[in-house]
Every structure is written in structure tokens, then in C-alpha cells.
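Line order of the protein sequences matches chains A and B.
To convert, note that position 4 of the first sequence is 4 in this note's numbering; the numbers rise steadily by one, no gaps.
To convert, note that position 218 of the second sequence is 218 in this note's numbering; the numbers rise steadily by one, no gaps.
Glycine included, C-beta positions come from ideal geometry on N, C-alpha and C.
Computed from a prediction, not measured in an experiment: that's the story for all the values here.
Below: the structure, in C-alpha cells.
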Amino acid sequence: MVYRSGLKRVEGGKTLKIDLEIESGIIKDIIISGDFFAYPMEAVEELENMLKGVNVSDAIDIINCFRDRIVFIGLTIDDIIDLLRKILLL
Amino acid sequence: MIWRLVIGEGSIYWNMAVDEAMLVLHEKGLIPNTLRIYTMKPSGVTFGYFQRVYDAINLEFLRSRNMNYTRRITGGGAVYHDMDGEITYSVVARIDNISWDILESYKIICQGIVYAIEEFGLKAEYKPINDVLVNGKKISGSAQARKKHSLLQHGTLMYDTDLNTLSNVIKIPKEKMLAHGIKSIRERVTTLSLELGYNPGYRRVVSALINGFKKALNIEFERGELTPMEIMYARKLVKKYRSKEWIFKR
Numbered sequence: 001m002v003y004r005s006g007l008k009r010v011e012g013g014k015t016l017k018i019d020l021e022i023e024s025g026i027i028k029d030i031i032i033s034g035d036f037f038a039y040p041m042e043a044v045e046e047l048e049n050m051l052k053g054v055n056v057s058d059a060i061d062i063i064n065c066f067r068d069r070i071v072f073i074g075l076t077i078d079d080i081i082d083l084l085r086k087i088l089l090l
Numbered sequence: 001m002i003w004r005l006v007i008g009e010g011s012i013y014w015n016m017a018v019d020e021a022m023l024v025l026h027e028k029g030l031i032p033n034t035l036r037i038y039t040m041k042p043s044g045v046t047f048g049y050f051q052r053v054y055d056a057i058n059l060e061f062l063r064s065r066n067m068n069y070t071r072r073i074t075g076g077g078a079v080y081h082d083m084d085g086e087i088t089y090s091v092v093a094r095i096d097n098i099s100w101d102i103l104e105s106y107k108i109i110c111q112g113i114v115y116a117i118e119e120f121g122l123k124a125e126y127k128p129i130n131d132v133l134v135n136g137k138k139i140s141g142s143a144q145a146r147k148k149h150s151l152l153q154h155g156t157l158m159y160d161t162d163l164n165t166l167s168n169v170i171k172i173p174k175e176k177m178l179a180h181g182i183k184s185i186r187e188r189v190t191t192l193s194l195e196l197g198y199n200p201g202y203r204r205v206v207s208a209l210i211n212g213f214k215k216a217l218n219i220e221f222e223r224g225e226l227t228p229m230e231i232m233y234a235r236k237l238v239k240k241y242r243s244k245e246w247i248f249k250r
């Protein structure tokens, strides 16, 4: 199991942190946290659940599917993608 | 338009439970638009729905002081609620009556805080997304949750908060400090007492808040109490706010 974590301060916005547990290229656990706002709130947990059990190479595509389903305030979905790419060295 | 005004005090668990109960019951059309003004007794800490507890607050310090802490249903950051120096407000309303635009609705409601501070002859400014500043320093923070038709926005106004305790209980990532160009939380926050040179006291701050929200929302208030339904529902929710599952969810 590999644990990876990254933090991003969004300019003019909020703080985003992603904690990941990866085993043989599969996301075992992911927590997207920070002092941001998201509407509807439950959609962030839905996104996390969708990402669990998924190959890291497919993660970005899944996050992109949530582009129209979550309104983030204080960051954008691209900040999540950027940070995840950085953590995964993609 | 006439809104209900409820004034009270209670633990952070009780107050978070009441706010959530009000949002749920308002969504069902069972309670009117309401402004609630309350103090947390005893003092405690709340942190944002999406925060990880270990990143947001200093648990060791809180435990050593036997202080309460819980997760909110709203996003945003950690807040120290000083029973002798901070007043919390919550607005529960139809989204129709505020604005469907989320950022705009933050601005409209935060304007109530700006007007309240101006009652003391100070200049305050709303800083998006959810802050109110005096002389460039944060004096108030707010957070909003939404259902389909109703919103809950709650937030703080620090009038005499003990900033030493505040900086001991809240953790700020160094990246955030760097972004604000500061070395400690104390450089970025202020209180009405510090700005005025005297403590305006609880009563004056409450009445300034009432006037501020009247003006910002263009409404009148009728003093009321929580309904038995709200109290019953909040009593159920208190258990959640006290539970490890909820607090350590992230």
C-alpha cells in the first residue's frame, strides 16, 4: 500500500488537500478535504466513492464526469485534477 | 417581509443541531424565514464539513482544556466560538428570498455583518467568499449549506474573542499563511474590542446585528422562540454532533 498526499492553496480561494491510498495501481481510498464549499455537499462523497477501486489512470476521467454535478466555491474541479496529477505524477 | 428572530445560547452541539433542524424544517415549509443569534456556552470549536479533523484543529490542546469540538454541516474552515467574545448568527431562508447565485447570496447575507460593524462607527468590508474584514483583518466568517429551496448560512462576529486561545485551537496550513503573507493567525484576525479600544459588550453587538440584518435583507423582525418541532428534531440531532462517527468522519 502506498500513501500519498498533496495540498494546494487556490489563489484567491481555499485550501484543497487530497489523501490517497494506492495498491498496485488501484485507488483503495481517497479523501478530498479542505476549507472549501461544495453544492450539493453529498456529491463530494459520491465522487470519492466512485474513485475507490478504480485504476489511477482512469481517475481524471471520473472526476471530469462530476464537472456539471458539483458547484465548488473556493476552487474548481480543475484544481482537484491538477493536484491529483501532481500527487500521482501523471 | 417579516422574519422570526430567535435569540439563545447553548453548547456547540445544541446550536449546530438547531441550525440543521431549522434548515430541514424550513425546506419542508414548516418554519418561517428566521434569523437566530446565539452564543456558544461553553466555548468550543466547530470546523468545516470537508475538513479533516486532524488538519483543522489542535485536538491535544482542546482535550487538555476539556473544550467541545464538532463538525458543521457547512463547508469552510475551523472557528473558535468564545462564549465571552463571539456571537454566532444563522439565517435560514428561502433561496428565492436571497439569491440563487451562491456567491451573491454570501455577499447579501454578509452585508448584514458589515452594517452591524458600521453601527460602531467602524469601516467594514465584505471579502469574497465568506469573510468580513475591518482594517484588512478578519472579524467574521460565514458558511452556507443549501437544500433544494432553502439555505442556511451561519457565521461569526468576534467582539472580544481571546485570540491567544483562537490561535491555539485552530490549525492553519503553512501554504494558507504564505498566501496571506502572515506568520501567525493573530496577524490576520481582529475583534471589535481591538478596533474600538473598548469592549462593546454582548447586548450592543446583538442589537447591532439585528439592525444590520434588517438593513441588508430589507426585512422586519418579530421576536419568537423555537417551535416544539424544532426542539424535538434538534434533540435528535445533538447525538450526531456529539458522536465520534460524525466528528472523525474525515
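- Item | Three-state secondary structure assigned by DSSP to glutamate 20 of chain B | helix
- Query: Tell me, which residues are paired with glycine 141 of chain B by DSSP?
  - Reply: B/Asp131
- Message: Please classify methionine 16 of chain B as buried or exposed, where buried requires at least 16 other C-beta atoms within 10 Å of its C-beta.
- Response: buried
- Query: So, is the C-beta of lysine 28 of chain A closer than 9 Å to a C-beta in chain B?
  - Reply: no
- Item | Three-state class that DSSP yields for lysine 52 of chain A in the structure shown | coil
- So, are the CB atoms of histidine 81 of chain B and threonine 34 of chain B less than 9 Å apart? Cβ distance not < 9 Å, so histidine 81 of chain B and threonine 34 of chain B don't count as in contact.
- Query: For valine 134 of chain B versus glutamate 86 of chain B, is the C-beta distance shorter than 9 Å?
  - Reply: no
- Query: Is there contact here, the region 16-31 of chain B with the region 233-248 of chain B, by at least three beta-carbon pairs under 8 Å?
  - Reply: yes
- Message: Less than 7 Å between C-beta atoms, sequence neighbours within five positions excluded: which residues of the same chain meet that for lysine 147 of chain B?
- Response: Around lysine 147 of chain B: Leu23, Glu27.
- Query: Quick one: what does DSSP say aspartate 19 of chain A is sitting in, helix, strand or coil?
  - Reply: strand
- Task: Determine whether the Cβ of aspartate 131 of chain B lies closer than 9 Å to any Cβ atom of chain A.
- Result: no
- So what does DSSP say about alanine 73 of chain B, is it helix, strand or coil? Note that residue 73 of chain B is isoleucine in the sequence shown, not alanine. Of the three classes helix, strand and coil, the one that applies to isoleucine 73 of chain B here is coil, per DSSP.
- Drop a sphere of 10 angstroms on the beta-carbon of valine 2 of chain A, count the other beta-carbons inside from all chains shown, and report buried for 16 or more, exposed for fewer. exposed
- Query: Any beta-carbon of chain B closer than 9 Å to the one on glutamate 46 of chain A?
  - Reply: no
- Helix, strand or coil for asparagine 68 of chain B per DSSP? strand
- Item | Any C-beta of chain A under 9 Å from that of alanine 145 of chain B | yes
- Enumerate in chain order the residues of its own chain whose CB-to-CB distance from isoleucine 95 of chain B is below 8 Å, with the five nearest sequence positions on each side excluded. By the criterion of a C-beta distance shorter than 8 Å, isoleucine 95 of chain B is surrounded in its chain by Ser105, Arg146, His149, Ser150, Leu151, once the five residues flanking it on both sides are discounted.
- Message: Please state the DSSP three-state secondary structure of aspartate 79 of chain A.
- Response: helix
- Query: Which value, in whole angstroms, describes the spacing of the CA atoms of glutamine 111 of chain B and isoleucine 27 of chain A?
  - Reply: The C-alpha of isoleucine 27 of chain A is placed about 43 Å away from the C-alpha of glutamine 111 of chain B.
- Message: By the 7 Å beta-carbon criterion, what residues does the region 66-81 of chain A contribute toward chain B?
- Response: Val71, Ile73, Gly74
- Message: Using only the alpha-carbon positions, how far apart do isoleucine 7 of chain B and glycine 136 of chain B sit?
- Response: Rounded to the nearest whole angstrom, the C-alpha separation of isoleucine 7 of chain B and glycine 136 of chain B is 30 Å.
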